[in-house]
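> My questions all concern the structure below.
2 protein chains.
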Amino acid sequence: MKVTINDVAKLAGVSMKTVSRVINKEPSVRKKTYDQVMQAVKELNYQPNIAARNLAGTSSFAIGLVYDNPNAYYVIDMQNGVLSRCRDEGYELVIHPCESNSANMAEEFITMIKRSRLAGLVLTPPLSEQQAIIDMLDELGIHYVRLLSGRAQEAKNSANNCIFVDDYAAAYEITEHLIQLGHKNIAFVLGDEEHKSTAERLAGYRDALKAHGIAQDDSLLYHGTYSFESGVKGAKALLADGNPNQITAILGGNDEVAAGALFAARLMNIEIPGQLSISGFEDSPFSRQTWPKLTTAHQANNIISEHAARLLFSKTRGHRKNDKEVSHVFTPSMVVRESTGRVTQ
Amino acid sequence: MKVTINDVAKLAGVSMKTVSRVINKEPSVRKKTYDQVMQAVKELNYQPNIAARNLAGTSSFAIGLVYDNPNAYYVIDMQNGVLSRCRDEGYELVIHPCESNSANMAEEFITMIKRSRLAGLVLTPPLSEQQAIIDMLDELGIHYVRLLSGRAQEAKNSANNCIFVDDYAAAYEITEHLIQLGHKNIAFVLGDEEHKSTAERLAGYRDALKAHGIAQDDSLLYHGTYSFESGVKGAKALLADGNPNQITAILGGNDEVAAGALFAARLMNIEIPGQLSISGFEDSPFSRQTWPKLTTAHQANNIISEHAARLLFSKTRGHRKNDKEVSHVFTPSMVVRESTGRVTQ
DNA sequence: TGCCAAAATGACAACGCTGTCAAATTGCTT
DNA sequence: AAGCAATTTGACAGCGTTGTCATTTTGGCA
């Protein structure tokens, strides 16, 4: 019933250890031997026992995905991306949702890592951006890959364990798009302050305005969070009657925020995009489930997370050095839909 | 650095095996001994090595969560519920998204189970409803708990490994709510045919109509899927000019569908709830992010899934029989929001 | 052909825990 | 106080793999 490494060894006419070498892709196995073993593996449909590998080896065959994010779409994409690589590599995925500001977070975190003796961690924002966590992991000597908001330049200088999403470029592009549609009073409902993406998107927005000679006005900024509700609140505040600016466009911190802003605009009987253009970020399903559909910046989270997992695995044993996986920058690309239009005077 | 069961044993002045008994809550340990051991465990902050336990024991310390569901909110809730129990029990959670109709699904499925030697499985719809899968698991002697759409009566007759959600009752209640608001031509955009929830919700709807002496009309049914897009399509079809019925209310198969229907109504310049009432199911965040917010039936998926995990663990070793966990029926409760209103003639 | 370093393979002891079964201890009962 | 069953504890052998180190085989070169 249960096929062990010994059965394979016997059938292939080699020692247990040689089979181990083959399945772990270690060097120093003759081609002929390799084939024999693989043949036997297939014949017996051998599945290495994860528990035994974990116990005997120096690190386990599992990685962790750590997140503190209320956005279900985001989390699922992350999971699926990482999971697909895990399957290919024969690793397990341990998901670890947590609350980054809870008192015993660090403690739970460590417990989890130690218990599972994880081979590595994929960290998503905002945890990937907390220096305390990074320091802790470094100290413990734990492999990890960070998903971060950042630009190409940063990537070059960074340690080789980061995956960047260039939110700056995305914001720049979207802002420019709005400017080219004739918008001048472009408001921005920002996401959580502690997310680096918020600062990056704001910077992109500002630089685009500057590049086109449009003066900045901080009263056009609303400091909120990455939530639908915040989008509603932000838009209401910005569009309130008393506001002296003639806002003709709103950037939402992400699609949820943008959807919220759109919602608020509708409550105020404002036509989209006739009277007001709205744009989001991320191209989550949200952006396709509003009416009109949102202009946004496409960000393939499943691919990004898969890449992160790939990078993490490249730091693990059993991987040739010629798999030269390095830090990488993903740049979201703008998707123009129906929520943005030419400004009408 | 690494604390093993031997360290604890030494400190507590007992044998390794006794420590094992304590941490596994096995009977036959004197109170005094138990306390000594627990004291040592705390003192050393001992974390049992999962891999070793898995290897030595008869089953592993991990359970699987199997799903084939595009609804991110649903999946996340399920995960979190199961995960919270896993943490309490010291188990790991292996998530297993899959495509129920893919050719090699069963194969992958088995591979996963065997590799991880899972202690059990939590199955969500629609997989939990596929007899072929149930048979396979029974044959392999694998523990599992099913999440199903069903009613109290069914629960009594069922094997003791099912958690039911009474979609029938929910649909009945919502339909009655609409009837009481004066609606007579109530349309229904149904979800995927292969989901039992679809049949259950339809039955509840039908029985409510019957109970109130309202004739049924199959032209008021739209057979779709559990997606936003389907809701859009369905509502468009139902509300098309050519339709002779004066539909005043639409039931969405779930909140996504309802949101889609709402979207479609908006495109057709139909006022909600003035001209048309719309209701969903599940009370997902969706239902709070439309305008107006959706009337729906609250279904606490995280609690439901936690209960499922609890039931599964009760079938696992190390659990007293007096933890009398049995099949359970959850009945969603209606949440009236702004998308349903009195019919205006 | 013979020699030697390099490459390939194997023997065997961990890894940290649980299951089995035997031994020691307890607490009744007489 | 002795005897006995029930309870509690412990010794020890795996579980299926990998890491270490010893051994064998290979292939190149004199």
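For the protein sequence lines, the chains are A and B, in the order given. Quick note: the first sequence, position 124, residue 124 per our numbering, numbers continuous. With positions in the second sequence counted from 1, the corresponding number in our numbering is that position plus 1000. Built from N, CA and C at the ideal position, the CB exists for glycine as well.
Between the beta-carbon of I1179(B) and the beta-carbon of H1212(B), is there less than 9 Å?
yes
> Using the rule of at least 16 other Cβ atoms within 10 Å of the residue's Cβ for burial, across every protein chain shown, is K321(A) buried or exposed?
In this prediction, K321(A) has a pLDDT of 43, which is less than 50 and means its spatial position is unreliable; what the coordinates show is noted afterwards. Looking at its Cβ environment, which holds fewer than 16 other Cβ atoms inside 10 Å, K321(A) is exposed.
> Taking N157(A) as the reference, give the member of V335(A), R342(A), V329(A), S333(A) with the closest Cα.
V329(A)
> Would you mind working out which of L1083(B), E1092(B), N1045(B), R1266(B) sits nearest F1061(B), comparing C-alpha positions?
E1092(B)
> How about L1065(B) and Q1079(B): are their beta carbons less than 9 Å apart?
yes
> Looking at the structure shown, is F1313(B) part of a helix, part of a strand, or coil, going by DSSP?
helix
> Quick one: what's got a C-beta closer than 8 Å to S1100(B)'s C-beta in the same chain, skipping five residues either side?
D1068, P1126, L1127, Q1130
> From H319(A) to V82(A), what distance separates their C-alpha atoms?
Residue confidence for H319(A) is low, a pLDDT of 48 falling below 50, so the modelled location carries little weight; the figure read from the coordinates is stated next. So the alpha carbons of these two residues sit roughly 17 Å apart.
> In terms of residue numbering, what span does the beta strand (DSSP E) encompassing L1055(B) cover?
Per DSSP, L1055(B) belongs to no beta strand (DSSP E); it is in the alpha helix (DSSP H), 1050-1056.
> Determine the direct distance from the alpha carbon of T248(A) to that of V336(A), and round the result to whole angstroms.
17 Å
> Skipping 5 residues on each side, what residues in its chain have a beta carbon closer than 6 Å to that of G252(A)?
Taken in chain order, the residues that qualify are V189, G231, A258, A261, G280.
> Would you say S287(A) faces chain B, with C-beta separation under 9 Å as the test?
When Cβ-Cβ separations below 9 Å define contact, S287(A) makes no contact with chain B.
> In the structure shown, what three-state DSSP assignment does N322(A) receive?
Low per-residue confidence applies at N322(A): pLDDT is 42, beneath 50, and the placement is therefore not dependable enough to give any value.
> DSSP three-state call for T340(A): helix, strand or coil?
coil
> Classify R30(A) as buried or exposed, calling it buried when 16 or more other Cβ atoms lie within 10 Å of its own Cβ.
exposed
> I need the DSSP call for A119(A), collapsed to helix, strand or coil.
coil
> Quick check on this structure: which residue in K1293(B), S1149(B), L1239(B), L1311(B) has the alpha carbon closest to the alpha carbon of H1195(B)?
S1149(B)
> Whole angstroms is fine: what's the gap from S1219(B)'s alpha carbon to H223(A)'s?
Just so you know, the alpha carbons of S1219(B) and H223(A) end up roughly 49 Å apart.
> Between T340(A) and the rest of its own chain, which residues show a CB-CB distance below 8 Å, the 5 nearest in sequence each way excluded?
Cβ-Cβ distances below 8 Å link T340(A) to H177, L178, L181, A249, P273, S277, I278, S279, T295 in the same chain, with the five nearest sequence neighbours on each side left out; the list follows chain order.
> Relative to the C-alpha of M136(A), which candidate in I163(A), R151(A), V165(A), M105(A) has its C-alpha closest?
M105(A)
> Could you have a look at M1112(B) and say whether DSSP puts it in helix, strand or coil?
M1112(B): helix per DSSP, three-state reduction.
> If we count the other Cβ atoms within 10 Å of its Cβ and call it buried at 16 or more, is T1290(B) buried or exposed?
buried
> Could you pull the start and end residues of the beta strand (DSSP E) that S1230(B) belongs to?
That residue, S1230(B), is in no beta strand (DSSP E); its alpha helix (DSSP H) goes 1228-1239.
> Could you name the residues that DSSP lists as bridge partners for M334(A)?
A297(A)
> By the DSSP assignment, the beta strand (DSSP E) with V94(A) in it spans what residues?
92-97
> Would S1333(B) pass as a contact of E1173(B) if the rule is Cβ separation under 9 Å?
Cβ atoms of S1333(B) and E1173(B): closer than 9 Å.
> Give the residues of chain A in contact with V1075(B), contact being defined as C-beta atoms less than 7 Å apart.
I76
> Closest Cβ-Cβ distance between T1004(B) and chain A: below 9 Å?
Output row for T1004(B): interface = no.
> Less than 9 Å between CB atoms is the rule here; does L55(A) satisfy it with respect to chain B?
yes
> Give the secondary structure of V66(A) by DSSP, where H, G and I count as helix, E and B as strand, and everything else as coil.
strand
> Could you spell out the range, first to last residue, of the alpha helix (DSSP H) harbouring I214(A)?
Careful: I214(A) lies outside any alpha helix (DSSP H) and carries neither H nor E.
> So E1306(B) and R1087(B) are supposed to be a Cβ contact under 8 Å. How far apart are they, rounded?
So it is not a contact: roughly 11 Å between Cβ atoms.
> Would you kindly check if the distance between the Cβ of T4(A) and the Cβ of N71(A) is under 9 Å?
no
> Is the Cβ of E92(A) closer than 9 Å to any Cβ of chain B?
yes
> In the DSSP output, which residue or residues are listed as bridge partners for A1187(B)?
For A1187(B), DSSP records a beta bridge to I1250(B).
> Do V1145(B) and L1121(B) have their beta-carbon atoms positioned less than 9 Å apart in this structure?
In this structure, V1145(B) lies closer than 9 Å to L1121(B) by Cβ.
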